[in-house]
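Visitor:
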């Protein structure tokens, strides 16, 4: 239970592990390093993640509250963008959040929400709480989101979409059409979801899941009034990387034994996040590419879907050696000495931290990207949705710790020969060796930022001081 003399912060996460993980890790850091009591509120979107979260061990001063799921079927078009659905879910969850906070003996002095939950600031104002936004992705996405929100739809349609001209972002790298957000690409077809930039700027600050040295020029542009500073007009706090630190989650014995038997940095881990799927044709090409690369691999496989976000499907029939019908016949037999296939889900953080893993075939979700960096593992960038194409461009062009296919992985089938080439580049070529050196330098940079006296530690310390002053006021 919160105590009267200890700062108490409420954290609110929208549905999806990409939002929940950084919110949870922020809560743990505030408790462990800054003497907070933290209550994490999240929306119970699916039974599996809810059960897993509520059963996971937590810290003494960290409470987890599952808000009841809400029915939005009559409130929004079923084909609406995921972002639009998230905004409606969070808005409809406000009564439950308000009731929970009102019932607390010692109410929070601050409310920290992710970027889809800024509607909750009306509750913070009602109860006299400080208001902060956590951007669970990077500073570049924040810059693009704020700047593009102020540009006329017609201009974006004519120049950026139809003309495929880069979108200029003041003080930052331009956004190419190849890497643009789906909300901009589809602006003529379905319009843009509502952006809560005005509510975010009416806060005490924006926390970002990045660190100063990783995106120094973009962070500077967000603060500089000659570039984006006047647009945001609130303090910017890079506090990342926020990545999973749960050591209680253990590898399956079979997976651990298999990895333990492999040479150091010889295995490429293949996974497309908690929600990513590939088409049947692309799954086939990926299987052949991995096999032909002759490199060791561990692959988290889901049944095919033509929708990159379509996760939950029934596994089909198997052939004689147990290979699912959506993979090449005999695949398990031919790769039994070099590969391990795991159906549906695996403990990613634990796999990436294993010494045998030397590459990550990734969808470039920001959580996965940070986990790869924090384990010193270079990547094959395979973006699927949301801001992942922007992340892929950063990883390949700016940080130079990843390779990427020549064709769009969301619009065309990437052939087995190119997949084989990318795997070998990461795992055996000199180019891959150089990437391993660079990603380990970034890992050291991130650890330095998180340590006491580091840039991210100091950023969160400032937020903690402001909350303490508000408590004592």
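In the UniProt record's numbering, the protein residues as written are 1 to 473.
The beta carbon of each residue, even a glycine, is placed where N, CA and C say it ideally should be.
The model shown is predicted, which means the values in this text are computed figures rather than measured ones.
1. Using 8 angstroms for Cβ pairs, my map puts residue 401 next to residue 378. What's the rounded Cβ distance?
2. Report yes if the CB atom of residue 262 is closer than 8 angstroms to the CB atom of residue 356, and no otherwise.
3. Quick one: is residue 376 buried, meaning 16 or more other Cβ sit within 10 Å of its Cβ, or exposed?
4. Do residue 112 and residue 207 have their C-beta atoms within less than 8 angstroms of each other?
5. So what's residue 18 in DSSP terms, helix, strand or just coil?
6. In the DSSP assignment, the beta strand (DSSP E) including residue 385 goes from what residue to what residue?
7. I need the DSSP call for residue 152, collapsed to helix, strand or coil.
8. As an exercise, report each continuous alpha helix (DSSP H) stretch of at least 4 residues that is fully enclosed by the segment 145–208, in chain order.
9. Are the beta-carbon atoms of residue 80 and residue 97 separated by less than 8 angstroms?
10. Quick one: is residue 24 buried, meaning 16 or more other Cβ sit within 10 Å of its Cβ, or exposed?
11. Per DSSP, residue 116 forms a beta bridge with which residues?
12. At the level of alpha carbons, what is the spacing between residue 410 and residue 369?
13. Are the CB atoms of residue 250 and residue 350 nearer to each other than 8 angstroms?
14. DSSP has residue 271 in a bridge; who is on the other side?
15. Of all the options 116, 34 and 33, which has the alpha carbon lying nearest to the alpha carbon of residue 12?
16. Considering only their Cβ atoms, is the gap separating residue 66 from residue 84 smaller than 8 angstroms?
17. Output the boundary residues of the beta strand (DSSP E) element that contains residue 64.
18. Closest Cβ-Cβ distance between residue 200 and chain D: below 8 angstroms?
19. DSSP on residue 258, reduced to helix/strand/coil?
20. Counting C-beta neighbours from all protein chains within 10 Å, is the total for residue 200 16 or more, i.e. buried, or is it exposed?
21. Give me the Cα-Cα distance between residue 87 and residue 93, rounded to the nearest whole angstrom.
22. Would you tell me roughly how many angstroms separate the C-alpha atoms of residue 340 and residue 329, rounded to the nearest one?
23. Ends of the beta strand (DSSP E) at residue 39?
24. To which residues of the same chain is residue 218 closer than 6 angstroms at the C-beta, ignoring the five residues directly before and after it?
25. Rank 240, 464 and 344 by C-alpha distance to the C-alpha of residue 34 and give the top, closest one.
26. Can you tell which of 209, 361, 390 and 107 has its C-alpha closest to the C-alpha of residue 38?
27. What do you get for residue 245, buried or exposed, if any count of 16 or more other CB atoms within 10 angstroms of its CB means buried?
28. Where do the ends of the beta strand (DSSP E) carrying residue 8 lie?
29. Measuring only the C-alpha atoms, how far is residue 7 from residue 300?
30. What's the call for residue 236, buried or exposed, on a 16-neighbour Cβ count within 10 Å?
31. Using the C-alpha atoms, what's the distance from residue 343 back to residue 315?
32. The alpha helix (DSSP H) spanning residue 464 covers which residue range?
33. Output needed for residue 461: all residues of its chain with C-beta closer than 6 angstroms, excluding positions within five of it in sequence on either side, in chain order.
34. Alpha helix (DSSP H) containing residue 94: first to last residue?
35. Determine the DSSP secondary structure at residue 311, reduced to helix, strand or coil.
36. Assuming residue 17 contacts residue 274 (C-beta within less than 8 angstroms), just tell me the rounded distance between them.
Guide: Taking the coordinates as given:
1. Counted from its first residue, the chain shown places residue 401 at position 401. Counted from its first residue, the chain shown places residue 378 at position 378. Taking C-beta atoms under 8 angstroms as the contact rule, residue 401 and residue 378 qualify, at a distance of about 5 angstroms.
2. The sequence position of residue 262 within the chain shown is 262, counting from 1. The sequence position of residue 356 within the chain shown is 356, counting from 1. Yes, Cβ-Cβ distance for residue 262 and residue 356 is below 8 angstroms.
3. Stepping through the chain shown from its first residue, residue 376 is reached at position 376. Per the 10 Å Cβ criterion, buried.
4. As a first step, residue 112 is located in the chain shown; it is residue number 112 there, counting from the start. As a first step, residue 207 is located in the chain shown; it is residue number 207 there, counting from the start. Cβ distance < 8 angstroms, so residue 112 and residue 207 count as in contact.
5. Counting from 1 along the chain shown, the entry for residue 18 is found at position 18. It is helical.
6. Numbered from its first residue, the chain shown carries residue 385 at position 385. Here residue 385 belongs to no beta strand (DSSP E), and DSSP marks it neither H nor E.
7. Along the chain shown, read from residue 1 onward, the residue named residue 152 stands at position 152. Under the three-state reduction of DSSP, residue 152 is assigned to coil, being neither helix nor strand.
8. Taking only runs of at least 4 residues, the alpha helix (DSSP H) segments lying wholly in the segment 145–208 are 182–185, 187–190 and 197–201.
9. Counted from its first residue, the chain shown places residue 80 at position 80. Counted from its first residue, the chain shown places residue 97 at position 97. Not closer than 8 angstroms, so no.
10. Within the chain shown, numbered from 1, the residue matching residue 24 stands at position 24. Within 10 angstroms of the beta-carbon of residue 24 lie 16 or more other beta-carbons, which makes it buried.
11. Taking the first residue of the chain shown as 1, we reach residue 116 at position 116. Looking at the DSSP output, residue 116 shares a beta bridge with no other residue.
12. As a position in the chain shown, residue 410 is number 410, starting the count at 1. As a position in the chain shown, residue 369 is number 369, starting the count at 1. Each residue's alpha carbon lies about 18 angstroms from the other.
13. Here residue 250 refers to the residue found at position 250 of the chain shown. Here residue 350 refers to the residue found at position 350 of the chain shown. The criterion of a C-beta distance shorter than 8 angstroms is satisfied by residue 250 and residue 350.
14. Taking the chain shown and counting its residues from 1, one reaches residue 271 at position 271. Answer is 362.
15. The sequence position of residue 12 within the chain shown is 12, counting from 1. The shortest Cα separation from residue 12 among 116, 34 and 33 belongs to 116.
16. Here residue 84 refers to the residue found at position 84 when the chain shown is read from its first residue. Here residue 66 refers to the residue found at position 66 when the chain shown is read from its first residue. No, they are not a contact pair.
17. Residue numbering aside, residue 64 sits at position 64 when the chain shown is read from its first letter. For residue 64, the enclosing beta strand (DSSP E) starts and ends at 62–67.
18. The structure shown contains no chain D, having only a single protein chain.
19. Here residue 258 refers to the residue found at position 258 when the chain shown is read from its first residue. Helix at residue 258.
20. Counting from one through the chain shown, the residue named residue 200 turns up at place 200. The residue is buried, with at least 16 neighbouring Cβ atoms inside 10 Å.
21. One-based indexing of the chain shown puts residue 87 at position 87. One-based indexing of the chain shown puts residue 93 at position 93. Their Cα atoms are separated by approximately 10 angstroms.
22. Against the chain shown, residue 340 aligns to sequence position 340. Against the chain shown, residue 329 aligns to sequence position 329. Here the alpha carbon of residue 340 sits roughly 16 angstroms from the alpha carbon of residue 329.
23. Counting from one through the chain shown, the residue named residue 39 turns up at place 39. Per DSSP, residue 39 belongs to the beta strand (DSSP E) from 37–43.
24. Locating residue 218 in the chain shown gives position 218, where the first residue counts as 1. In chain order, 139, 140, 143 and 172 place their CB closer than 6 angstroms to the CB of residue 218, counting only its own chain and leaving out the 5 sequence neighbours on each side.
25. Working through the chain shown from its first residue, we reach residue 34 at position 34. Among 240, 464 and 344, the Cα nearest to that of residue 34 belongs to 464.
26. Position 38 of the chain shown, counted from the first residue, corresponds to residue 38. In this structure, 107 is the residue among 209, 361, 390 and 107 with its C-alpha nearest to the C-alpha of residue 38.
27. Within the chain shown, numbered from 1, the residue matching residue 245 stands at position 245. Flag for residue 245 reads exposed.
28. Counting from 1 along the chain shown, the entry for residue 8 is found at position 8. Boundaries of the beta strand (DSSP E) around residue 8: 8–13.
29. Here residue 7 refers to the residue found at position 7 when the chain shown is read from its first residue. Here residue 300 refers to the residue found at position 300 when the chain shown is read from its first residue. Straight-line spacing of the CA atoms in residue 7 and residue 300 works out to 41 angstroms.
30. What you label residue 236 is simply residue 236 of the chain shown in a count that begins at 1. Classification for residue 236: buried.
31. The residue you call residue 315 lines up with position 315 of the chain shown. The residue you call residue 343 lines up with position 343 of the chain shown. Unreliable positioning characterises residue 315 in this predicted model, as indicated by a pLDDT of 32, which lies under 50. A coordinate reading is not provided.
32. In the chain shown, residue 464 corresponds to position 464, counting from 1. Unbroken alpha helix (DSSP H) run through residue 464: 455–472.
33. Here residue 461 refers to the residue found at position 461 of the chain shown. Same-chain partners within the cutoff: there are none.
34. The residue labelled residue 94 in the question sits at position 94 within the chain shown. For residue 94, the enclosing alpha helix (DSSP H) begins and ends at 94–102.
35. For the purposes of this step, residue 311 is taken as residue 311 along the chain shown, with counting starting at 1. Because the pLDDT at residue 311 is just 39, under 50, the model does not fix this residue reliably, and the value given afterwards should be weighed accordingly. Coil.
36. The count along the chain shown starts at 1 and reaches residue 17 at position 17. The count along the chain shown starts at 1 and reaches residue 274 at position 274. At roughly 5 angstroms, the Cβ-Cβ gap stays under 8 angstroms, so residue 17 and residue 274 are in contact.
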